[in-house]
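Have a look at the structure below, then the notes.
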Amino acid sequence: GDSVTQMEGPVTLSEEAFLTINCTYTATGYPSLFWYVQYPGEGLQLLLKATKADDKGSNKGFEATYRKETTSFHLEKGSVQVSDSAVYFCALTDSSASKIIFGSGTRLSIRP
Amino acid sequence: EAEVAQSPRYKITEKSQAVAFWCDPISGHATLYWYRQILGQGPELLVQFQDESVVDDSQLPKDRFSAERLKGVDSTLKIQPAELGDSAMYLCASSPRWLAGETDTQYFGPGTRLTVL
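Which chain is which? The protein sequence lines are U and R, in order.
According to the numbering used here, the first sequence is numbered sequentially starting from 26.
According to the numbering used here, the second sequence is numbered sequentially starting from 28.
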């Protein structure tokens, strides 16, 4: 079935460092791809999304490009801040596009 | 900004007891989802409602879990009896409307953290 694999955490970086969180997917069709973020004690928030190949989603300095040839949707940010510390989830729509399937999450910690 | 409300935020219960969680979606959102998030994992869909009707409950353990959305607005998820393995975060989400073949943005509530002793 459809699935998402993302890099295991925790990822610890210093402030202003470059961030990459890897995400690859397995899908039978052409899913939409998402990154959600979960701050401590809160629910998930949609960070960005891409609905077709080569689309780039972006928000709050984060970017991810839908790469069909490598089945990837890696999350990047050029300069992270302490406030970016959270758990990040990569996700996709299933083959019927009726629901979202989440990866296991990557915990990001940013040191001042 | 409108938010999804959930209560309680935390619940501790003993195994074999009954527990219930409540969710109030964003006003006007027709689609409501209940997810279970085990520590260290991503959320897994338990049940999806479109208005008051169940669209998908294939992952809901129906021998002990039940969910309802009687008037198509707020919803209740119940577990009876609770088991140790039910300890998790229970998340509710809503979206404006689900259409076949499309996935709309889902807005999540803060969750209810359940601990079963």
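Where is the CB? At the ideal position from N, CA and C, for every residue including glycine.
If you measure from the beta carbon of residue i to each beta carbon in chain R, is any gap under 7 Å?
| i | result |
| --- | --- |
| L69/U | yes |
| F127/U | yes |
| F98/U | no |
| G34/U | no |
| G54/U | no |
| G130/U | yes |
On the DSSP bridge list, what partners appear for residue i?
| i | result |
| --- | --- |
| M32/U | BP columns for M32/U are empty, so no partner. |
| G82/U | A89/U |
| K38/R | L141/R |
| I125/U | T118/U |
| D51/R | A32/R |
| I135/U | L38/U |
| Q77/R | T58/R, S80/R |
| V62/U | Q70/U, Y113/U |
| E101/U | T45/U, E88/U |
| A115/R | L141/R |
| K105/R | A47/R, S93/R |
| Q64/R | M116/R |
| S121/R | L59/R, Y134/R |
| Y50/U | V29/U |
| L87/R | Note: L87/R sits in no beta bridge, so no partner. |
Could you pull out every residue in the same chain whose Cβ sits closer than 6 Å to the Cβ of residue i, ignoring the five residues on either side in sequence?
| i | result |
| --- | --- |
| S43/R | P108 |
| P65/U | none |
| S39/U | R136 |
| T30/U | T49 |
| L111/R | K42, V143 |
| L147/R | The structure shown has nothing for residue 147/R, since chain R only spans 28 to 144. |
Distance cutoff 7 Å, beta carbons only. Does residue i sit that close to anything in chain U?
| i | result |
| --- | --- |
| G55/R | no |
| G138/R | yes |
| F135/R | yes |
| T11/R | Residue 11/R lies beyond the range of chain R shown here (28 to 144); nothing can be said about it. |
| L25/R | Since the displayed chain R opens at 28 and closes at 144, residue 25/R lies outside it and no answer follows. |
| L118/R | yes |
Could you check if residue i is buried or exposed, using at least 16 other CB atoms within 10 Å of its CB as the buried criterion?
| i | result |
| --- | --- |
| L66/R | exposed |
| Y37/R | exposed |
| A94/R | buried |
| I39/R | exposed |
| T131/U | buried |
| F98/U | buried |
| D79/U | exposed |
| L118/R | buried |
| T95/U | exposed |
| S85/R | exposed |
| W28/U | What sits at residue 28/U in the sequence shown is Ser, not Trp. Per the 10 Å Cβ criterion, exposed. |
| Y91/U | buried |
| G136/R | buried |
Under 8 Å Cβ to Cβ from residue i, same chain only, skipping five residues before and after it: list those, please.
| i | result |
| --- | --- |
| S34/R | F48, W49, T139 |
Can you name, in chain order, every residue of its own chain whose Cβ lies under 7 Å from the Cβ of residue i, other than the five neighbours on each side?
| i | result |
| --- | --- |
| S54/R | A29 |
| D78/R | A57, G99 |
| L73/U | W60, G82, S83, N84, F87, A89 |
query: Of all the residues that make up the stretch 58 to 73 of chain R, which are near chain U by a beta-carbon distance shorter than 9 Å?
result: Y60, Y62, Q64, G67, Q68, G69, P70, E71, L72
message: Along the stretch 70 to 90 of chain U, where does the CB come closer than 8 Å to a CB of chain R? Name the residues.
response: Q70, L71, K74
query: Taking Cβ-Cβ distances below 7 Å as the criterion, which residues of the stretch 33 to 57 of chain R are in contact with chain U?
result: Correct list: empty, as no residue qualifies.
Interface positions of the stretch 73 to 85 of chain R facing chain U (Cβ-Cβ less than 8 Å), listed along the chain: Q75, V82, D83
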